[in-house]
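What follows is one structure encoded as structure tokens, with my remarks underneath.
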């Protein structure tokens with residue numbers, strides 16, 4: 018069984034849904050992650066409660082047919098992805114930088130898990146998730162003790 022991710026990233030919706038659905042392989046940031054996240058590590062994707070209509074418009078331009086994003090869950094843990102590293106340029110229409118986090122291998126939860134997030138890089142408390150299959154089966158869990166790790170994140 019694969020190790021569960023210990024780090025999570027909250028994204029304004031529907032950006033998180035586009036990543037977990039496998040449509041968006043790059044997440045744009047102004048900063049690169051520090052040493053807590055290394056290429057090959059898995060990273061939870063949390064869909065925040067805020068909404069960005071520009072993401073819907075961009076998805077309509079890039080994706081044919083465009084997915085219906087109206088039901089993108091807000092305030093839920095959506096799944097996890099593999100972090101592949103950063104790029105500072107990319108031919109991807111999803112890249113607008115200045116730093117692109119390259120993401121792959123999205124795994125969506127069978128049932129999104131409601132939990133609070135933070136618009137930052139967070140660390141999940143060890144032992145919150147009993148095992149991968151229970152999370153993938155949508156067991157209602159909460160991320161207790163999330164610690165916002167904003168300090169030192171900017172390079």
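Residue numbers (our numbering): 18 to 172. All residues carry an ideal CB built from backbone N, CA and C; glycine is no exception. Keep in mind that this is a model prediction, so the values were computed, not measured.
Distance cutoff 9 Å, beta carbons only. Does residue i sit that close to anything in chain B?
i, result
"residue 36", "Of the protein chains in this structure there is only one, and it is not chain B."
Inspect the beta-carbon positions of residue i and residue j and report whether they are closer than 9 Å.
i, j, result
"residue 32", "residue 69", "yes"
"residue 120", "residue 41", "yes"
"residue 103", "residue 25", "no"
"residue 129", "residue 39", "no"
"residue 27", "residue 115", "no"
What residue does the beta strand (DSSP E) around residue i start on, and which one ends it?
i, result
"residue 86", "Run containing residue 86: none; DSSP gives neither H nor E here."
"residue 104", "93-104"
"residue 122", "116-131"
"residue 25", "24-30"
"residue 46", "43-46"
Is residue i near the ligand ATP, going by C-beta to nearest heavy atom under 8 Å?
i, result
"residue 109", "By its list of ligands, the structure shown contains no ligand whatsoever, and the ligand ATP lies outside what it can speak to."
Give the straight-line distance between the Cα atoms of residue i and residue j, rounded to the nearest whole angstrom.
i, j, result
"residue 77", "residue 110", "12 Å"
"residue 66", "residue 53", "26 Å"
"residue 107", "residue 79", "15 Å"
Hey, quick one: how far does the alpha helix (DSSP H) through residue i stretch, first residue to last?
i, result
"residue 77", "70-79"
Can you tell me the Cβ-Cβ gap for residue i and residue j, rounded? I've got them flagged as a contact below 8 Å.
i, j, result
"residue 44", "residue 37", "No, residue 44 and residue 37 are not in contact; Cβ-Cβ is about 11 Å, not under 8 Å."
"residue 134", "residue 91", "In fact, because the Cβ distance is near 10 Å, the residues do not count as touching under 8 Å."
Take every Cβ of the segment 44-59, pair it with every Cβ of the segment 92-106, and state whether three or more of those distances are shorter than 8 Å. As far as the Cβ criterion goes, the segment 44-59 touches the segment 92-106, which means the pair count is three or higher.
With a cut-off of 8 Å, do at least 3 Cβ pairs link the segment 74-89 to the segment 30-44? Per the Cβ contact rule, the segment 74-89 is in contact with the segment 30-44 (3 or more Cβ pairs under 8 Å).
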